[in-house]
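**Student:** The structure's right below; bear with me while I get my questions together.
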Amino acid sequence: MNESATKQQPTVEPPQAATKGGLGTVYGRQLVKSFGHRTVLQDVDLDIKSGEICCLIGPSGSGKSTLLRCINGLEKVDSGILRVNGEDLGYEETETQYRPLSKKQVAAQRTQIGMVFQHFNLFPNMTALHNVMSGLVLVKRVKKQAAAEHARSLLQQVGLDGHENHYPSAMSGGQQQRVAIARALAMDPSVMLFDEPTSALDPELVGEVLGVMQQLAEKGMTMLVATHEMGFAREVADSLMFMCAGRTVEYGDAREVLAHPKEERTQQFLEKVL
Amino acid sequence: MNESATKQQPTVEPPQAATKGGLGTVYGRQLVKSFGHRTVLQDVDLDIKSGEICCLIGPSGSGKSTLLRCINGLEKVDSGILRVNGEDLGYEETETQYRPLSKKQVAAQRTQIGMVFQHFNLFPNMTALHNVMSGLVLVKRVKKQAAAEHARSLLQQVGLDGHENHYPSAMSGGQQQRVAIARALAMDPSVMLFDEPTSALDPELVGEVLGVMQQLAEKGMTMLVATHEMGFAREVADSLMFMCAGRTVEYGDAREVLAHPKEERTQQFLEKVL
Amino acid sequence: MDATEKPRVRRRSAVEYVMWALCVLVFLAIAYSLVTNPRYEWDVVAEYFTAETVIDGVLLTIMLTFVTMFLGTVLGIVIAVLRSSPVMPVRVLAGAYISFFRGTPVLVQLIFWFNVAALYPDINIGIPFTDIGSEVDVNALMTPIVAATVGLTLNQAAYMAEIVRGGFNSVPKGQIESADALGMSEWTKLRKVIIPQSMPTVIPATGNQLIGQFKETSLVSVLGVADLLQSVQLIYSRTYETIPLLIVAALWYLVMTLALGYPQSLIEKHYSKGTRAGTPVPLEPALAGAEEGR
Amino acid sequence: MDATEKPRVRRRSAVEYVMWALCVLVFLAIAYSLVTNPRYEWDVVAEYFTAETVIDGVLLTIMLTFVTMFLGTVLGIVIAVLRSSPVMPVRVLAGAYISFFRGTPVLVQLIFWFNVAALYPDINIGIPFTDIGSEVDVNALMTPIVAATVGLTLNQAAYMAEIVRGGFNSVPKGQIESADALGMSEWTKLRKVIIPQSMPTVIPATGNQLIGQFKETSLVSVLGVADLLQSVQLIYSRTYETIPLLIVAALWYLVMTLALGYPQSLIEKHYSKGTRAGTPVPLEPALAGAEEGR
Amino acid sequence: DGSTTPEQESDITKGVEEDPAAVKLLPAKTKNDGEITVAMDLSYPPTSFLSEEDKSPIGYNVDIARLLGAKLGLEVEIKDVSFDTIIPGIQGGRYDFTTTNMTPTPERRKVLELVTYWNSGSSLVTPVDNPEGLTFDEPESLCGHTVAVMKGTTQAEQYLPSLQDDCKKAGEAPIDAVVLPNVQEALTQLSSGRMEAVFYDTPSLAWAAKQQPDQFEMQDQQYQKETGTDVVTFGLAKNSPLTKAMHAAMQSLIDSDKYKEALGRWGLESGAIPKSEILN
Ligand SMILES: Nc1ncnc2c1ncn2[C@@H]1O[C@H](COP(=O)(O)OP(=O)(O)OP(=O)(O)O)[C@@H](O)[C@H]1O
Ligand SMILES: Nc1ncnc2c1ncn2[C@@H]1O[C@H](COP(=O)(O)OP(=O)(O)OP(=O)(O)O)[C@@H](O)[C@H]1O
Ligand SMILES: [Mg+2]
Ligand SMILES: [Mg+2]
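Line order of the protein sequences matches chains A, B, C, D and E. Take the first sequence: its letter number 245 is residue 249 in this note's numbering, and every next letter is one higher. Take the second sequence: its letter number 120 is residue 124 in this note's numbering, and every next letter is one higher. Take the third sequence: its letter number 194 is residue 513 in this note's numbering, and every next letter is one higher. Take the fourth sequence: its letter number 277 is residue 596 in this note's numbering, and every next letter is one higher. Take the fifth sequence: its letter number 250 is residue 283 in this note's numbering, and every next letter is one higher.
Here it is, written out as structure tokens:
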């Protein structure tokens, strides 16, 4: 199992030129992130158009989750440019430096960015329905009735009708994961970040959730998906980034990369897929 | 998404006759388990030989995790016979009833049954190494030095050398999952229960972990694996149980079931696999 | 009998029977001793249990406890939040507050507030550096009840701040991230995610605090306010029936404490919704646990 | 300048500067008032701060606090475990213990233990229904220090039991299942999984309790034992220099409390190993939080 | 049961007339207010406590405070507080004076203005039948016995050391003295057999023995003090403008019948003094 950093990475050109972009875009340049002495992301570039589905694949510990967490501001990058929905995330650029935004501004930016966590992180003290409603009611100040209706329809979409009043602790792994997806979708963000959204789902559900995601993409929602399911990546992704030890190894059109990986590391990885 | 109970299930014959069995066997008859009014397992039969790898597959919420939890005594079945390693689990049979065992006896039974949880449940206050050592030192009373050595080699087997001193919170999902696997293996149980052991792993690691499991099976360790990865099931499983809404739909030789599913529900499920 | 049909019984082990016996024995022994020992003077206890001054004292104790507990908890939550503020001086101030008010005896604080006039005979309330404002007669302002309320509240707040901080510590990081990711404001996050989830750990400690406060209020007797304990002390200082009158006080405190137990368990149940089955800590494995005595 | 090279700064907002100013101001104001107000009589404070009787009182307070806190905590853990026992009578007994000892004032308990002889002049220790055994002189057995230790310990245990129960509540169920699945005995599970993980929530409340105990010990004055508060009261009832002597006591309590703060923070740090970065509660999102004042 | 006679609860100030000489000494502000406040701890029968009937303050000290007010033509407001707050309260101007049984020591004189107003005595109370035969008839009888004294009292501060000297001289074991915060606790311990005697102010002990005659026995013999050390004072703030007027009122009271009447109705006749003094 090769986890040690592969030091000499070829320079990877993002598939598209740099822009400030608008709603639904993610733009990153030379993103660096370390925890103490451990560098977890190194010079990562990103360039995602509105409505694009981008898959992040790579071995365990390669930094996929960390990258998604950075894009949502849960971790802050040490350096580099990071613009989501056309705005510098959590900072405003001045002539000489980046100055942090106020908390209110950061929270406002976040309502446009959805996130489904690897560990779901549902609120244990709320039922499935209230979990899904939480963002609508508490952040978007939607009326309770309207929010409940919307939440109900979302739960139905992910196949959880009848489970509205169950608490997360009384749900199976896959059920929890679907609630988490519905909760993020309820906010109707322009950019959605999925951290292994189908890890706990059975093949049937993977198909259904994938269907939901494709529909959303058609409506113009941008998605970044960290996943280990190559089938999933092949079916839905527009672009694909293969990461290893915190660096981008290959980044380009999804089918292209999967079919004809250029880098040796990518080939090696894809060979192992069952 | 069909989660509603399919009421008329054909009677499924377990592939092998009922025995008390010995170390490494799991034997279940008409297992029933409900939470309040919700019946989660209904008349489940099991018959697992020593050294067998049995995969549990089925849609989300079909009761796979619950079945594994019952086999480990974390949930107790409402009725039916459940014998693990040849002993009635948590109970002793008398002429007219099942009388519960004392806590000490239950704990002793458990040291022969390993479990890898769907949510890992690592001890957050212990490093990776100490997590793996915990069972050896605290339960089996192995000397610290010997335990550490053994733990180190197990961590190496799952590709985590260098991560010995990291706390779970500083590890990626896949890394945590591998620590959890190593922790369960350290106890060297006769029966291992895996609840989606590869859900957070990338394809490369899936291959490696699978290799580890096959080795163990060759050494005679019995394994029950709840999984959504059909590839995984196809590669390693001896027998396969397809569950739906708490009932066994089909149970038999793994390759046989996967290649020629007899039941309509199984066919329908397998079709969806990407 | 078919093995699958044999019932799974709940074994009452010998230990359980022994414990039941012990339980009954202890209660009987206590009851017997209470009834037969004449030194408890139960007639005196009965006589004073509902005496007017005692009831007045009980009411005052309840009133003071709830007012100071309420105000103290609100202030305590504020201080706990400030204590984990990212801004250093705010943290320092909050920390100093907690250290100071936990660190000095309430008795001294009460005497201080009550006699603040001895130290600052006239305090000016007004706009600094202008002539607007007026001198306040501190003694008139600081009536015994005001001094008691201020003193107990400020003290209580310091203790509650620490309890609340402990509760905050128990909320998993993932929950806070989840709330952040939804774009919740700090206030919403606090109200809807952090506070409800820290309740299961905060409530027992708060219960302690509330019960402690019932008794702490007896310190206000130094200000000449007759709470429960003070009112029985006034009686026995006249009649010298010390033990029966202390029993009166003890019984009242016990009644108040027990009366709190029920709402506390309701609140605990409410906030433990969503943890599996809402039962108390499953210290025991589901299987062996429910079956057998230790 | 290339955008990727621009540093990401930590903004000190206006709020932060204002808070710093406020912080300094508050400290200065307090210091000024303390120094210039003659009514504090600092010379008297200085004179008595290290007086022999005061130091003796301090030592006694420390001794009593630590002994009763230690014994009370051990007993409290035991009771908390019994409180969540699967065997009903055990739960009932533990619950009754907690209700009773939290529910009655410590003062009453101390007086009770010390004067148990007034109620039970001679207690027989021996084997029931035989002639073996001997009468014990209760007064000789119950020296003031013994009565104080017994009373305070039993009381403390009831409070600690509730705090520990709160801590147990905060341990995720998955952790207990994990320990069960490894086949850990109840004892090992308690020692290695439940107790360490409940520490972050237990410690702040225990700190409260310990500090409370420092002051609770002053109740032993009714037994004629001169703790810190009692020794300064003895002095000012002779000299009438009430306020400076209360300041002496307050300062000593403050010193003891602050001296506890450091070990407490060390223990907290020790037990929060493994939570990300070991920092206090991340109430704030990593990004916005560290940057900006509220 | 702590009952008092209706006579004891009646208003003693009836018929008392203002003393113009004393009134003249009053500061103008007080005269205008027409009121003074006195602080006392109302848990010391029979000198200051609460009546069982209507919870009004009664006792010898209460009477004296009211009489002083009457002599000065002022209303007297009585505040019930514990000892701990009396002195700071007087220093802070919250209370004008206190009639608590304060004995004047040099240290106390530094803090308050003290005006003498009566003479208390010190006695011994033992369990009924006095099993150990303790009495001040022979002070050595106390040597080696456990005796309770109250914190800060003259008994604890002055008499006990001299009793200890006596024991030393007689070659006996010293008295095992236990200092307690209040007399109620001392009496509880006396009844539990922990104490063999309680050494305290005569009136207080007499009251207790009357309340619980089957438990306590008052020893008739008072402690033989050297003259003058047991005088009791009331206190005012240092340099209080009221001192002179209060002193004059007190002297005028002593010269009238009311002084004896006040002492008499609480059984304290023996405590009368002929002349009030300001000690400073
Ligand atoms: N808080 C932290 N402190 C220190 N190291 C961390 C922290 N969080 C993550 N890491 C390390 O950063 C690396 C990347 O972690 P990350 O979770 O991003 O991986 P991943 O690609 O999501 O892996 P997986 O597929 O297993 O989920 C890992 O080696 C991990 O140990
Ligand atoms: N404690 C509980 N109380 C009530 N219902 C429960 C409880 N635990 C599980 N269930 C229900 O039992 C059913 C089976 O759950 P289980 O976790 O066994 O499913 P699973 O097959 O493991 O699903 P997945 O593949 O999603 O993990 C689900 O419908 C779930 O809602
Ligand atoms: Mg990850
Ligand atoms: Mg599951």
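For each residue, glycine too, the CB sits at the ideal point set by N, CA and C.
Establish whether the CB of Ser83 (chain B) and some CB of chain C are separated by less than 8 Å.
**Tutor:** yes
**Student:** What are the residues of the stretch 550 to 573 of chain D that lie near chain E, defined by any Cβ-Cβ distance shorter than 9 Å?
**Tutor:** Gln552, Leu553, Ile554, Tyr555, Ser556, Arg557, Thr558, Tyr559, Glu560, Thr561, Ile562 and Leu565
**Student:** State the CB to CB distance for the pair Ser591 (chain D) and Pro519 (chain D), rounded to an integer number of angstroms; the pair is presumed to be in contact (CB under 8 Å).
**Tutor:** 5 Å
**Student:** When the Cα atoms are used, what is the spatial distance from Ala22 (chain B) to Pro63 (chain B)?
**Tutor:** Note that Ala22 (chain B) has pLDDT 43, beneath the 50 cutoff, so the model's placement of it is unreliable and the number below is only indicative. Roughly 28 Å separates the two Cα atoms.
**Student:** Should Thr98 (chain A) go down as buried or exposed, given a rule of 16 or more other Cβ atoms within 10 Å for buried?
**Tutor:** exposed
**Student:** Using a Cβ-Cβ cut-off of 8 Å, state whether Thr598 (chain D) counts as contacting chain B.
**Tutor:** Interpretation of Thr598 (chain D) is limited by its pLDDT of 30, a score under 50 that renders its predicted location unreliable; the figure taken from the coordinates is listed afterwards. Output row for Thr598 (chain D): interface = no.
**Student:** Shorter than 7 Å, the distance from the beta carbon of Gly178 (chain A) to the closest heavy atom of ligand 2, or not?
**Tutor:** yes
**Student:** From the DSSP output, in three-state form, read off Ile482 (chain C) for me.
**Tutor:** helix
**Student:** Less than 6 Å between C-beta atoms, sequence neighbours within five positions excluded: which residues of the same chain meet that for Val229 (chain A)?
**Tutor:** Cys59 and Phe198
**Student:** Going straight from the alpha carbon of Ile91 (chain E) to that of Arg358 (chain C), what length do you get?
**Tutor:** 30 Å
**Student:** At which residues does the beta strand (DSSP E) containing Asn356 (chain D) begin and terminate?
**Tutor:** Asn356 (chain D) -> no beta strand (DSSP E), and no H or E assigned at all.
**Student:** Would you kindly work out how many angstroms separate the C-alpha atoms of Glu335 (chain D) and Glu79 (chain A), rounded to a whole number?
**Tutor:** 23 Å
**Student:** Tell me, please, whether the CB atom of Gln583 (chain C) is closer than 8 Å to any CB atom in chain A?
**Tutor:** no
**Student:** Assuming Glu481 (chain C) and Ala524 (chain D) form a contact by the criterion Cβ under 8 Å, report the distance between their Cβ atoms to the nearest whole angstrom.
**Tutor:** 7 Å
**Student:** Going by DSSP, what residue range makes up the alpha helix (DSSP H) through Leu142 (chain A)?
**Tutor:** Note, Leu142 (chain A): alpha helix (DSSP H), Ala132 to Leu142.
**Student:** Does the Cβ of Lys184 (chain E) have 16 or more other Cβ atoms within 10 Å, making it buried, or fewer, making it exposed?
**Tutor:** buried
**Student:** Determine the extent of the beta strand (DSSP E) in which Gln34 (chain A) is found, giving its start and end residues.
**Tutor:** Bounds of the beta strand (DSSP E) holding Gln34 (chain A) are Val30 to Phe39.
**Student:** What residue range is occupied by the uninterrupted beta strand (DSSP E) comprising Ala230 (chain E)?
**Tutor:** Residues Ala230 to Asp234.
**Student:** Compute the Euclidean distance between the alpha carbons of Thr70 (chain A) and Ala413 (chain D), then round it to the nearest angstrom.
**Tutor:** 48 Å
**Student:** Report buried or exposed for Arg42 (chain A), applying the criterion of at least 16 other Cβ atoms within 10 angstroms of its Cβ.
**Tutor:** Classification for Arg42 (chain A): exposed.
**Student:** What do you reckon, is the C-beta of Met175 (chain B) under 7 Å from a heavy atom of ligand 6?
**Tutor:** The model on display carries ligand 1, ligand 2, ligand 3 and ligand 4 but not ligand 6.
**Student:** Met338 (chain C) CB to nearest chain D CB: under 8 Å?
**Tutor:** yes
**Student:** Taking 8 Å as the CB-CB limit, is Glu603 (chain C) close to chain D?
**Tutor:** Confidence in Glu603 (chain C) is poor, its pLDDT being 32 and thus under 50, which makes the residue's placement unreliable; the coordinate value appears in the next sentence. True, the Cβ-Cβ gap to chain D drops below 8 Å.
**Student:** What residues in the stretch 525 to 545 of chain D have a beta carbon less than 9 Å from any beta carbon of chain E?
**Tutor:** Ser540, Val541, Leu542, Gly543 and Ala545
**Student:** Helix, strand or coil for Gln122 (chain A), going by three-state DSSP, please let me know.
**Tutor:** Note: Gln122 (chain A) maps to coil in three-state DSSP.
**Student:** For a test of your reading of the model: does the CB of Val44 (chain A) fall under 7 Å from any non-hydrogen atom of ligand 1? Yes or no.
**Tutor:** yes
**Student:** Would you call the CB atoms of Ser138 (chain A) and Arg187 (chain A) closer than 8 Å?
**Tutor:** yes
**Student:** I need the DSSP call for Thr80 (chain E), collapsed to helix, strand or coil.
**Tutor:** coil
**Student:** With a floor of 4 residues, list each alpha helix (DSSP H) that falls wholly inside the stretch 109 to 175 of chain E, ordered by position along the chain.
**Tutor:** 116 to 124 and 139 to 144
**Student:** Which of the three DSSP states is assigned to Thr46 (chain E) in this structure?
**Tutor:** coil
**Student:** What residue does the alpha helix (DSSP H) around Gly526 (chain D) start on, and which one ends it?
**Tutor:** Ile514 to Glu535
**Student:** Is it buried or exposed, Arg510 (chain D), if we count other Cβ atoms within 10 angstroms and call 16 or more buried?
**Tutor:** exposed
**Student:** Give a yes or no on contact between the stretch 53 to 62 of chain E and the stretch 529 to 541 of chain C, applying the rule of three or more CB pairs nearer than 8 Å.
**Tutor:** Contact check between the stretch 53 to 62 of chain E and the stretch 529 to 541 of chain C: fewer than three CB pairs, one atom from each, fall below 8 Å, which does not count as touching.
**Student:** So, are the CB atoms of Leu142 (chain A) and Met338 (chain C) less than 8 Å apart?
**Tutor:** Not a contact, by the Cβ cut-off of 8 Å.
**Student:** What residues of chain B sit near Thr507 (chain D), judged by a beta carbon separation below 8 Å?
**Tutor:** Leu142 and Val143
**Student:** Is the beta carbon of Val240 (chain A) less than 8 Å from the beta carbon of Ile75 (chain A)?
**Tutor:** no
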